[in-house]
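Counting in the numbering used here, the sequence shown runs from 54 upward without gaps.
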Amino acid sequence: MNLCRRLAASTSFVRTYATRYPRPKPGTAERPAYRAPDPLVNNPKAVVTSLDDEDLTFIHRPPPTAPSPFSLSTSPTSPLLQPPKPATDTLLPPLMQKEVPMPERASDEVVAEIRRLRRSDPNTYTRLKLAEMFGVTSNFVGAIAALKSSARRARFRIDAEKQAKLRENWSERKIVARAIRAKRRQFCHVLDWS
Numbered sequence: 054m055n056l057c058r059r060l061a062a063s064t065s066f067v068r069t070y071a072t073r074y075p076r077p078k079p080g081t082a083e084r085p086a087y088r089a090p091d092p093l094v095n096n097p098k099a100v101v102t103s104l105d106d107e108d109l110t111f112i113h114r115p116p117p118t119a120p121s122p123f124s125l126s127t128s129p130t131s132p133l134l135q136p137p138k139p140a141t142d143t144l145l146p147p148l149m150q151k152e153v154p155m156p157e158r159a160s161d162e163v164v165a166e167i168r169r170l171r172r173s174d175p176n177t178y179t180r181l182k183l184a185e186m187f188g189v190t191s192n193f194v195g196a197i198a199a200l201k202s203s204a205r206r207a208r209f210r211i212d213a214e215k216q217a218k219l220r221e222n223w224s225e226r227k228i229v230a231r232a233i234r235a236k237r238r239q240f241c242h243v244l245d246w247s
């Protein structure tokens, strides 16, 4: 029985740590009002004037936005009045990709020559070859000198024959893998995912 009383006394609900906030005034249940520190006490620009006769102290601090006496209209000290700085003065992170210079605009003579060569022999003068010859992009060559639909079909036919010759050398495993992929693609187009 003595043991039970000792255990009960030792496990009582008594706080053994300090509270986070100062204790409230006796008889009240609220925290004391917040007292902000005086911003003028440690201010180096504040001018303190004491009047001993009336036991008064005047503290004068100039406003933080007041212009300095050395501010000129040509060189103001306030950052709000200064002209904007050029963008090169700011430190920017490095570019993710290298800047690719835009190719010069092709003249009408160059465009006519590209079209003439492309129509004369599209197998020899491909888009890439013409782009390298005249210093333009291959997309530009394709836009200004597109093949006629009959020539494009013939080109697709030649490419399909080349692909068929390459497929003859494929192993059985690769053929099965490609067939499975094509079947899977069919099912993806059939299913409605919405």
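Note that beta-carbon positions come from the ideal geometry of N, C-alpha and C, so glycine has one too.
Just mark V153 as buried or exposed, buried being the case when its beta carbon has 16 or more other beta carbons within 10 Å. Answer is exposed; the Cβ neighbour count stays below 16.
To which residues does DSSP link T130 through a beta bridge? Answer is none; T130 lacks a bridge partner.
Exposed or buried, what is R210 when buried is set at 16 or more other beta-carbons lying within 10 Å of its beta-carbon? Its Cβ having fewer than 16 others within 10 Å, R210 is exposed.
Check for me: the beta strand (DSSP E) holding L104 runs from which residue to which? Where L104 is concerned, the enclosing beta strand (DSSP E) stretches over V100 to L104.
For L144 and P175, which I take to be in contact (beta-carbon distance under 8 angstroms), what is that distance rounded to the nearest angstrom? The C-beta separation of L144 from P175 comes to about 51 angstroms, leaving the pair out of contact by the 8 angstroms criterion.
Is A86 buried or exposed, if buried means 16 or more other CB atoms sit within 10 Å of its CB? Under this definition A86 is an exposed residue.
Report yes if the CB atom of S191 is closer than 8 angstroms to the CB atom of R205, and no otherwise. No.
When you compare only the Cα positions, how much space is there between I233 and F187? If you draw a straight line from the Cα of I233 to the Cα of F187, it comes to about 44 angstroms.
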